[in-house]
Amino acid sequence: MSDLLRTPLFDLHRELGAKLVAFAGYEMPVQYREGIVAEHRWCREHAALFDVSHMGQIAIRGKDAAIALERLVPAEIAGVAEGRARYTVMTAENGGILDDLILSNAGDHLFLVVNAACKRGDLVHLRAHLEPGCEVVELADRALIALQGPEAERALSRLAPGCTRLRFMQTAEMPLRGVRCRVSRLGYTGEDGFEISVPSAEATGLARALLDNPEVRPAGLGARDSLRLEAGLCLYGHDIDRSTTPVEAGLAWTIGKRRRERGGFPGAPIILRQLVEGPPRKLVGIRPEGRAPAREGTEIVQGGVVVGRITSGGFGPTVGGPLAMGYVPTALANPGTPLGLRIRGRDEPARVTALPFVPHRYHR
Amino acid sequence: MPVFYTRDHEWIRVENGLGTVGVSEHAQEQLGDVVYVELPEVGRVVKAHEQVAVVESVKAASEVYSPVSGKVVAVNTALADNPALVNDDAEGAAWFYRIEIGDPSELSSLMTPEAYADYLATLG
């Protein structure tokens, strides 16, 4: 795995007994000694620390950066107040999704966190459309640590008392162990929690300080995936990509009111038409009735006909059984609709289920 | 009772012409938390190296191949309700199926526990 990149926490992962895998060009921990199920449960009940430093951190500076960025996303960026964060997507001319991201108004700049596998392309795309009016800078010297779970606030507040003032989707700079960090109250597990952008050189010290709390244990990408799937959150490259529109993916809520009226983002004609007429297919939650997990790529059938495919599927430790998401024709998208999942040649019974599988517990 | 292993990390314990088959402790460690086991039907006749079962962890599905040819005479129904037994006791209580060994000479192509330990060492 010599050509893989490593995050600033790599040595700590090894010390903690991580099982390392290749992910988006990085050598990342898929799990630690406790295993995925135990790490998943710890996050739901206490607080889990995830290294998400492989994700891209980008600063956009410029007087009209928010207005400029609206040319690339369907969200209302100009209306995002300082200290607020918003989930949005960058769209393509065909209405597909180039990436999903979290955007924060950091006062003198916009702060973006994008997917690891997309960050090179995102930088090219952003620069092509925003320069020279704005400056697009990759914050390559920063690590990103996610602290997620109902006890995340208690643990983090020992280092940063100011974190208790933040509510869900709020962000602020604050010192942690004397180092200026950006602390944002959000995440991708469905739990309350924080993401902390920290200078790379200070990342291991901060992670150790957080892990010193009795509430906090490390968790890998395996638990991150089962947590976000239970929370019904889309994973780029699986549930959403260039071939899926935000409307099909259930992300119409990210499209601002003014943007619905005026458009002005890539793919707007297709996306706005789908908003009015309804999309031809929808991403839905699906629960197999048996115990066999339906993995990504599994065919969804009805009446012996293939009507879609599973885009994310596995086992939900909190749900206590298999669960999945996939695209089905809109006529089959209502919760309770019976479907078949073609697993190893047999059509196993399943049902469309409302998302999320596990209720979100954000600190609103 | 002699025990043999395959390169795909199944084990077979042999007694009176009957083999008991499961996945190895090493396989269990590699799989992580097991959440589902699909077992063959009793009475099914299988060939050596034929896929007979599936074991799924949180991470992924893995196929289980029969170490020998023969007829499946029993399956471990306890695994249906408690797949995690594979993590707790892979080479004991978490056996997958019992097989009437059709051709005992096939056992000679399998690894002894010592040879399997050496094989695991080569996997790093």
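Chains as they are written, first to last, in our numbering: chain W, 177 to 540; chain C, -15 to 108. Glycine included, each C-beta is placed from N, C-alpha and C at the ideal position.
Check: Cα separation between Lys55 (chain C) and Val38 (chain C)?
Finding: Taking the second sequence and counting its residues from 1, the one referred to as residue 55 (chain C) is at position 71. Taking the second sequence and counting its residues from 1, the one referred to as residue 38 (chain C) is at position 54. Cα to Cα, the separation comes out at about 18 Å.
Margin query: Quick check: what's the CA-CA separation for Ala101 (chain C) versus Leu192 (chain W)?
Written below: Counting from one through the second sequence, the residue named residue 101 (chain C) turns up at place 117. Counting from one through the first sequence, the residue named residue 192 (chain W) turns up at place 16. Going from the Cα of Ala101 (chain C) to the Cα of Leu192 (chain W) covers about 26 Å.
Check: If you measure from the beta carbon of Val213 (chain W) to each beta carbon in chain C, is any gap under 8 Å?
Finding: The count along the first sequence starts at 1 and reaches residue 213 (chain W) at position 37. Yes, contact with chain C.
Next item on the list: Could you tell me the boundaries of the alpha helix (DSSP H) in which Cys219 (chain W) lies?
Entry: Residue 219 (chain W) sits at position 43 when you count from the first residue of the first sequence. Ile212 to Glu221 is the extent of the alpha helix (DSSP H) around Cys219 (chain W).
Item checked: chain W residues whose Cβ lies nearer than 7 Å to that of Tyr20 (chain C) -> In the second sequence, residue 20 (chain C) corresponds to position 36, counting from 1. Under the 7 Å cutoff, chain W gives Arg467, Ala468 and Pro469.
Item checked: Cβ-based neighbour list, Val355 (chain W), same chain, cut-off 7 Å, excluding 5 preceding and 5 following -> For the purposes of this step, residue 355 (chain W) is identified with residue 179 of the first sequence, where counting begins at 1. So the list reads Val374, Pro375 and Glu378, once near-sequence residues are dropped.
Next item on the list: Spell out a yes or no on whether the region 272 to 281 of chain W and the region 241 to 253 of chain W are touching, meaning 3 or more CB-CB pairs, one atom from each, closer than 8 Å.
Entry: Taking one beta carbon from each stretch, the region 272 to 281 of chain W and the region 241 to 253 of chain W have 3 or more pairs nearer than 8 Å; the two touch.
Next item on the list: Identify whether Glu90 (chain C) lies in helix, strand or coil by the three-state DSSP scheme.
Entry: What you label residue 90 (chain C) is simply residue 106 of the second sequence in a count that begins at 1. In the three-state scheme derived from DSSP, where H, G and I count as helix and E and B as strand, Glu90 (chain C) is classed as helix.
Margin query: What does the Cβ neighbour count give for Asn510 (chain W), buried or exposed, with the cut at 16 atoms within 10 Å?
Written below: Here residue 510 (chain W) corresponds to residue number 334 of the first sequence, with the count starting at 1. Classification for Asn510 (chain W): exposed.
Check: In three-state terms, what does DSSP make of Val42 (chain C)?
Finding: As a working note, residue 42 (chain C) is residue 58 in the second sequence. Three-state DSSP puts Val42 (chain C) in coil, outside helix and strand.
Next item on the list: Provide the residue(s) that pair with Gln35 (chain C) in DSSP beta bridges, ordered along the chain.
Entry: Residue numbering aside, residue 35 (chain C) sits at position 51 when the second sequence is read from its first letter. Looking at the DSSP output, Gln35 (chain C) sits in a beta bridge with C:Tyr49.
Next item on the list: Using beta-carbon positions only, say whether Asp417 (chain W) and Gly272 (chain W) come within less than 8 Å of one another.
Entry: Here residue 417 (chain W) corresponds to residue number 241 of the first sequence, with the count starting at 1. Here residue 272 (chain W) corresponds to residue number 96 of the first sequence, with the count starting at 1. Inclusion of Asp417 (chain W) and Gly272 (chain W) in the CB contact set at 8 Å is warranted, their separation being smaller than that value.
Next item on the list: Indicate whether at least one CB of chain W lies closer than 8 Å to the CB of Asp17 (chain C).
Entry: Position 33 of the second sequence holds residue 17 (chain C). Proximity of Asp17 (chain C) to chain W, defined by a Cβ-Cβ separation below 8 Å, is satisfied.
Next item on the list: For Ser89 (chain C), count neighbouring C-beta atoms within 10 Å of its own C-beta (all shown protein chains included) and say buried if the count is 16 or more, exposed if not.
Entry: Numbered from 1 along the second sequence, position 105 holds the residue referred to as residue 89 (chain C). Looking at its Cβ environment, which holds fewer than 16 other Cβ atoms inside 10 Å, Ser89 (chain C) is exposed.
Note to self: Tell me the rounded alpha-carbon separation between Ile519 (chain W) and Glu391 (chain W).
What the structure shows: Numbered from its first residue, the first sequence carries residue 519 (chain W) at position 343. Numbered from its first residue, the first sequence carries residue 391 (chain W) at position 215. Using only the alpha carbons, I get a separation of about 39 Å.
Next item on the list: Given a cut-off of 8 Å, decide if Leu403 (chain W) and Ile321 (chain W) are closer than it, judged by their beta-carbon atoms.
Entry: To locate residue 321 (chain W), count along the first sequence from 1; it is residue 145. To locate residue 403 (chain W), count along the first sequence from 1; it is residue 227. The answer is no: Cβ separation not under 8 Å.
Notebook entry, point to check: Is Leu107 (chain C) buried or exposed, if buried means 16 or more other CB atoms sit within 10 Å of its CB?
Noted result: Along the second sequence, read from residue 1 onward, the residue named residue 107 (chain C) stands at position 123. Its Cβ having fewer than 16 others within 10 Å, Leu107 (chain C) is exposed.
Checklist line | Contacting positions in the region 390 to 407 of chain W - beta carbon closer than 7 Å to chain C | finding: Legend: CB atoms of the region 390 to 407 of chain W lying less than 7 Å from CB atoms of chain C belong to residues Gly398 and Ser402.
Next item on the list: Could you name the residues of chain C that Gln207 (chain W) contacts, counting a contact when the two beta carbons are closer than 8 Å?
Entry: Translated into positions along the first sequence, residue 207 (chain W) becomes position 31. Correct list: Gly16.
Next item on the list: Closer than 7 Å by beta-carbon distance: list the chain C residues that pair up with Phe491 (chain W), in chain order.
Entry: Here the question's residue 491 (chain W) lines up with position 315 in the first sequence. In chain order: Val19 and Val42.
Next item on the list: State the start and end residues of the unbroken alpha helix (DSSP H) segment that holds Thr264 (chain W).
Entry: Along the first sequence, read from residue 1 onward, the residue named residue 264 (chain W) stands at position 88. In the DSSP assignment, Thr264 (chain W) falls outside any alpha helix (DSSP H) and within the unbroken beta strand (DSSP E) covering Ala261 to Thr267.
Margin query: Just checking: is the beta-carbon of Val39 (chain C) within a distance shorter than 8 Å of some beta-carbon in chain W?
Written below: Taking the first residue of the second sequence as 1, we reach residue 39 (chain C) at position 55. So, not an interface residue.
Check: Which of the residues in the region 340 to 352 of chain W, read from start to end, lie with their CB under 7 Å from any CB of chain C?
Finding: So nothing in the stretch comes that close.
Next item on the list: Give the single residue among C:Ala99, C:Met95 and C:Leu69 whose Cα lies nearest to the Cα of Asp17 (chain C).
Entry: Start at 1 with the first residue of the second sequence, and residue 17 (chain C) comes out as number 33. Here the closest residue by C-alpha is C:Leu69.
Next item on the list: Compute the beta-carbon to beta-carbon distance between Met501 (chain W) and Asp401 (chain W), rounded to the nearest angstrom, for a pair I have assumed lies under 8 Å.
Entry: Taking the first sequence and counting its residues from 1, the one referred to as residue 501 (chain W) is at position 325. Taking the first sequence and counting its residues from 1, the one referred to as residue 401 (chain W) is at position 225. The pair is not a contact, with the Cβ atoms about 12 Å apart (cut-off 8 Å).
Margin query: Please identify, using Cβ separations under 7 Å, the residues of the region 44 to 59 of chain C that lie next to chain W, in order along the chain.
Written below: Across the region 44 to 59 of chain C, CB contacts with chain W closer than 7 Å involve Ala45, in sequence order along the chain.
Check: Using a beta-carbon distance below 8 Å, is Arg361 (chain W) in contact with chain C?
Finding: For this step, residue 361 (chain W) is matched to residue 185 along the first sequence. The beta carbon of Arg361 (chain W) does not come within 8 Å of any beta carbon belonging to chain C, so the residue lies off that interface.
Check: DSSP puts Trp(-5) (chain C) in a beta bridge; with which residues?
Finding: For the purposes of this step, residue -5 (chain C) is taken as the residue at position 11 of the second sequence. DSSP, once it has assigned bridges, lists C:Tyr(-11) and C:Gly6 as partnering Trp(-5) (chain C).
Next item on the list: Note down, one range per segment and in chain order, each alpha helix (DSSP H) of at least 4 residues found wholly within the region 224 to 279 of chain W.
Entry: Correct list: 241 to 245.
Check: Looking at the unbroken beta strand (DSSP E) that takes in Val483 (chain W), where does it start and where does it end?
Finding: Taking the first sequence and counting its residues from 1, the one referred to as residue 483 (chain W) is at position 307. Boundaries of the beta strand (DSSP E) around Val483 (chain W): Val481 to Gly492.
Checklist line | Arg457 (chain W) versus W:Arg540, W:Pro422 and W:Leu180, residue with shortest Cα-Cα distance | finding: Indexing the first sequence from 1 puts residue 457 (chain W) at position 281. For Arg457 (chain W), the closest alpha carbon among the candidates W:Arg540, W:Pro422 and W:Leu180 is that of W:Pro422.
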